[in-house]
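Novice: I'd like to ask some things about the structure below.
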Amino acid sequence: MTKFSDLALDPRVLQAISEAGYETPTPIQAQAIPHALEGKDVLGIAQTGTGKTASFTLPMITLLGKGRARARMPRSLVLAPTRELAAQVAENFDVYAKHTKLTKALLIGGVSFGEQDKLIDRGVDVLIATPGRLLDHFERGKLLLTGVQIMVVDEADRMLDMGFIPDIERIFQLTPFTRQTLFFSATMAPEIERITNTFLHAPARVEVARQATTGENISQRLVTFTPTRKDMAAKQKREVLRAIIAAEGEACTNAILFCNRKTEVDILAKSLKAHGLNAAPIHGDLEQSQRMRTLDGFRDGSIRFLVASDVAARGLDIPAVSHVFNFDVPSHAEDYVHRIGRTGRAGRKGTAYTIATPADEKYLAAIEALVKAPLPRVEMPEGVVLGAAGDEDEPRASSRSGSSRSPRSRGGRDSGRDDRRSAEPRGEAQPRAAAASDEAPAPAPAPRTEPRAEPRRDAPRTDQRSEPRGEGRGSQHRDRRDEPAVVGMGDHVPDFILREFRIPARPGAASETEPGEA
Ligand code: AMP
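So this is what it looks like as structure tokens:
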């Protein structure tokens, strides 16, 4: 993988990048920067969120490092369609050029001409502008564009939508023919193609897959939880995942689940299968033929859950994927964009879940910086009982907690596991149990006469204990269920204790004696 240090950037730029916390160049950066540094024109087909701003800003700063600005003759020009985008480029520039002495001016509406004129008069290395405002300055005779060595057109397709193409053509004509042009657009509409054919010279064309960053058609959801034990984090994540899948129900027609490591891909696929879910793994260590079979199966719907590593899933084009699950938070922020872009394709709706623990905080922050929005947090589905199951990967926490808890384990101290389970509010387990029942293997047989959680939810505990437990008891015993439990007898209440003693009434005597008096 390319490193920033491989890219022949100015050491001062490298320092600023490392201070910004970037570890590796994004694909558009890795591809565009070398061409730009060679002085070639670049045609970049990339969207916001791919790191394209740095892909032109970093080489610009490096190339402008030598030489000085002259009054009213900016040495480079960046055109952006809106004030916000122009301001964003200016912010990026400030970050990446902080160890250099390069100067910049921002020409956008809403800022007084006077301030901007002053800066330009002094001479700037980088002029960042919206096209209309730039031409206003030019027409007032305050600006000369003949010193522009590098010209950037950012978001050209939006310029087209906003009717700026004639302005762009005019600005191109006002700059020297010898300038270097870096031209970025998310799409190549015919009009854009025409402009690039006219004004770019043998451009290097670099393209990154169209990304659905925070596309409205993808509903992004973040579920966070704190594992009850560090060494149980992965296992508990699987419990949370199954709960989400169960809660999504039929809306989740199929899904790609991403793990950061191949070993985890295998473990997760096995675990899902063990829980009755139709899953298969795909990663680089598997035979090509097997990978193809798995992919075909996922495409034709015979496999519902594809558990994948980033590399294996890159470039996968499966149009109808309802869900993406980030079982692991990706450690490279741009992988998040690649991953969630597997759903919501071709205008369809998609859902992307990310499951995170406190250990993922750093990676989440990087993702949120990249997509420029916080990931919407959602509640964990109801009824997840973390750490309730044993160390083995059994579905007990979800499928049995409501039905197989024995009164003995509830009170017993012999098993920490059971203690934890019994500590859970009982009512919570029930919806989960019901939701998961079709996906989990059959639970071990519950104690014969244990009442189900549902009816017990509102009843006081003592009710269950005093309830007659064996089958075939006389109905006269049933009405004892509202009485307090017999203390000291554990779960088993001997029959004789529940028996009523009646003495046949003697004429004139008190009608009934108390049991035991007989
Ligand atoms: P852009 O596509 O230029 O709007 O960039 C999107 C976000 O990605 C911005 O918040 C940048 O700060 C961030 N970014 C750019 N390059 C990198 C990189 N190599 N590593 C991590 N984040 C980056």
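For the sequence shown, position 2 (counting from the first letter as 1) is numbered 2 according to our numbering, and the numbering increases by one without interruption. Glycine included, C-beta positions come from ideal geometry on N, C-alpha and C. The model shown is predicted, which means the values in this text are computed figures rather than measured ones.
1. If I follow the unbroken beta strand (DSSP E) through Thr-181, where does it start and stop?
2. Taking all protein chains shown into account, decide if Ser-271 is buried (16 or more other Cβ within 10 angstroms of its Cβ) or exposed.
3. Given 7 Å as the limit, tell me if Pro-203 has its C-beta closer than that to any heavy atom belonging to the ligand AMP.
4. Tell me whether Lys-372, by its Cβ, gets closer than 7 Å to a heavy atom of the ligand AMP.
5. Is Ile-108 near Ala-87, with beta carbons less than 8 Å apart?
6. For Lys-101, which of helix, strand or coil comes out of DSSP?
7. Does the beta carbon of Lys-98 fall short of 7 Å from some heavy atom of the ligand AMP?
8. For Ile-171 versus Leu-143, is the C-beta spacing smaller than 8 Å?
9. The ligand AMP and Pro-25: does the residue's C-beta get closer than 7 Å to at least one heavy atom of that ligand?
10. In terms of residues, what are the limits of the alpha helix (DSSP H) holding Arg-68?
11. Report the option in Ala-46, Thr-2, Thr-26, Val-378 whose CA atom is closest to the CA atom of Ser-219.
12. Just tell me which of Arg-221, Ala-369, Ile-244, Leu-182 has its CA closest to the CA of Ala-80.
13. Is the beta carbon of Gly-51 sitting closer than 8 Å to the one on Ile-17?
14. Alpha carbon to alpha carbon, what distance is there between Asp-154 and Pro-59?
15. Quick one: give me the first and last residue of the beta strand (DSSP E) that Asn-278 is part of.
16. Whole alpha helix (DSSP H) runs in the segment 24-50 with 4 or more residues, listed along the chain?
17. How would you write the range of the beta strand (DSSP E) that Leu-77 sits in, first residue to last?
18. Tell me where the alpha helix (DSSP H) around Thr-53 begins and ends.
19. Mapping the DSSP letters down to three states, classify Glu-454 as helix, strand or coil.
20. Would Ser-76 be called buried (16 or more neighbouring beta carbons within 10 Å of its own) or exposed?
21. Could you check which residue in Asp-231, Ile-367, Asp-41, Pro-34 has the C-alpha nearest to that of Gly-21?
22. Mind checking who Gln-220 pairs with in its DSSP beta bridge?
23. Return yes when at least one heavy atom of the ligand AMP lies under 7 Å from the C-beta of Thr-575, else no.
24. Tell me Ile-256's beta-bridge partners as DSSP assigns them.
25. Taking only three categories from DSSP, how would you classify Ala-156?
26. For Phe-4, which of helix, strand or coil comes out of DSSP?
27. Taking 7 Å as the cut-off, is the C-beta of Asp-136 nearer than that to any heavy atom in the ligand MG?
28. For Ile-33 versus Leu-7, is the C-beta spacing smaller than 8 Å?
29. Given a cut-off of 8 Å, decide if Arg-83 and Thr-130 are closer than it, judged by their beta-carbon atoms.
30. The ligand AMP and Gln-149: does the residue's C-beta get closer than 7 Å to at least one heavy atom of that ligand?
31. Please name the residue, chosen from Leu-286, Arg-293, Ile-245, that lies closest to Ala-255 on a Cα-to-Cα basis.
32. Count the CB pairs spanning the segment 173-193 and the segment 340-360 that are closer than 8 Å, and state whether there are at least three.
33. Can you check which of these residues, Arg-179, Asn-278, Thr-294, is closest to Gly-39 by C-alpha distance?
34. Is Met-232 helix, strand or coil by DSSP?
35. Kindly indicate the opening and closing residues of the alpha helix (DSSP H) around Val-124.
36. Can you say whether Met-159 is buried or exposed, counting buried as having 16 or more other CB atoms within 10 angstroms of its CB?
Specialist: Judging by the given coordinates:
1. Counted from its first residue, the sequence shown places residue 181 at position 181. Per DSSP, Thr-181 belongs to the beta strand (DSSP E) from 180-185.
2. Here the question's residue 271 lines up with position 271 in the sequence shown. With 16 or more other Cβ atoms within 10 Å, it is buried.
3. Numbered from its first residue, the sequence shown carries residue 203 at position 203. Checking every heavy atom of the ligand AMP against the Cβ of Pro-203, none is found closer than 7 Å.
4. On the sequence shown, residue 372 is found 372 positions in, with the first residue counted as 1. Yes, since a heavy atom of the ligand AMP falls inside the 7 Å radius drawn around the Cβ of Lys-372.
5. Within the sequence shown, the letter at position 108 stands for residue 108. Within the sequence shown, the letter at position 87 stands for residue 87. Yes.
6. Taking the sequence shown and counting its residues from 1, one reaches residue 101 at position 101. It is coil, neither helix nor strand.
7. Here the question's residue 98 lines up with position 98 in the sequence shown. No - the ligand AMP has no heavy atom lying nearer than 7 Å to the Cβ of Lys-98.
8. As a first step, residue 171 is located in the sequence shown; it is residue number 171 there, counting from the start. As a first step, residue 143 is located in the sequence shown; it is residue number 143 there, counting from the start. Not a contact, by the Cβ cut-off of 8 Å.
9. For the purposes of this step, residue 25 is taken as residue 25 along the sequence shown, with counting starting at 1. Yes - the ligand AMP has a heavy atom lying nearer than 7 Å to the Cβ of Pro-25.
10. The residue labelled residue 68 in the question sits at position 68 within the sequence shown. Taken as a continuous stretch (DSSP letters only), Arg-68 belongs to no alpha helix (DSSP H), as it is neither H nor E.
11. Position 219 of the sequence shown holds residue 219. The shortest C-alpha separation from Ser-219 is found at Val-378.
12. In the sequence shown, residue 80 corresponds to position 80, counting from 1. Per the Cα distances, Leu-182.
13. Taking the first residue of the sequence shown as 1, we reach residue 51 at position 51. Taking the first residue of the sequence shown as 1, we reach residue 17 at position 17. In this structure, Ile-17 does not lie closer than 8 Å to Gly-51 by Cβ.
14. Here residue 59 refers to the residue found at position 59 when the sequence shown is read from its first residue. Here residue 154 refers to the residue found at position 154 when the sequence shown is read from its first residue. Pro-59 and Asp-154: Cα-Cα distance of roughly 15 Å.
15. Position 278 of the sequence shown, counted from the first residue, corresponds to residue 278. First-last for Asn-278: undefined, no H or E at that position.
16. 27-37
17. Residue mapping note: residue 77 aligns to position 77 of the sequence shown, counting from 1. It spans 76-79 - the beta strand (DSSP E) in which Leu-77 sits, taken as one unbroken run.
18. Position 53 of the sequence shown, counting from 1, holds the residue named residue 53. Per DSSP, Thr-53 belongs to the alpha helix (DSSP H) from 52-64.
19. As a working note, residue 454 is residue 454 in the sequence shown. In this prediction, Glu-454 has a pLDDT of 31, which is less than 50 and means its spatial position is unreliable; nothing more can be read from the coordinates.
20. One-based indexing of the sequence shown puts residue 76 at position 76. Ser-76 comes out buried.
21. Residue 21 sits at position 21 when you count from the first residue of the sequence shown. Considering only alpha carbons, the answer is Ile-367.
22. Walking along the sequence shown from the start, residue 220 turns up at place 220. Paired residues: Ala-352.
23. This structure does not reach residue 575, given that the chain is present from 1 up to 518, and the question cannot be answered.
24. In the sequence shown, counting from the first residue as 1, residue 256 sits at position 256. Note: Ile-256 sits in a beta bridge opposite Leu-306, Val-324.
25. Position 156 of the sequence shown holds residue 156. Helix, per DSSP.
26. Position 4 of the sequence shown holds residue 4. Three-state DSSP puts Phe-4 in a helix.
27. Looking at this structure, you won't find the ligand MG anywhere; what it does contain is the ligand AMP.
28. Walking along the sequence shown from the start, residue 33 turns up at place 33. Walking along the sequence shown from the start, residue 7 turns up at place 7. Closer than 8 Å, so yes.
29. Position 130 of the sequence shown, counting from 1, holds the residue named residue 130. Position 83 of the sequence shown, counting from 1, holds the residue named residue 83. Contact: yes.
30. Locating residue 149 in the sequence shown gives position 149, counting from the first residue. False, no ligand heavy atom lies under 7 Å from that Cβ.
31. Taking the first residue of the sequence shown as position 1, residue 255 is located at position 255. Ranking the options by Cα distance to Ala-255, first place goes to Ile-245.
32. no
33. For the purposes of this step, residue 39 is taken as the residue at position 39 of the sequence shown. Ranking Arg-179, Asn-278, Thr-294 by Cα distance to Gly-39 puts Arg-179 first.
34. One-based indexing of the sequence shown puts residue 232 at position 232. If DSSP states are grouped into helix, strand and coil, Met-232 belongs with the helices.
35. The sequence position of residue 124 within the sequence shown is 124, counting from 1. Where Val-124 is concerned, there is no enclosing alpha helix (DSSP H), given that its DSSP letter is neither H nor E.
36. The residue you call residue 159 lines up with position 159 of the sequence shown. Burial call: buried.
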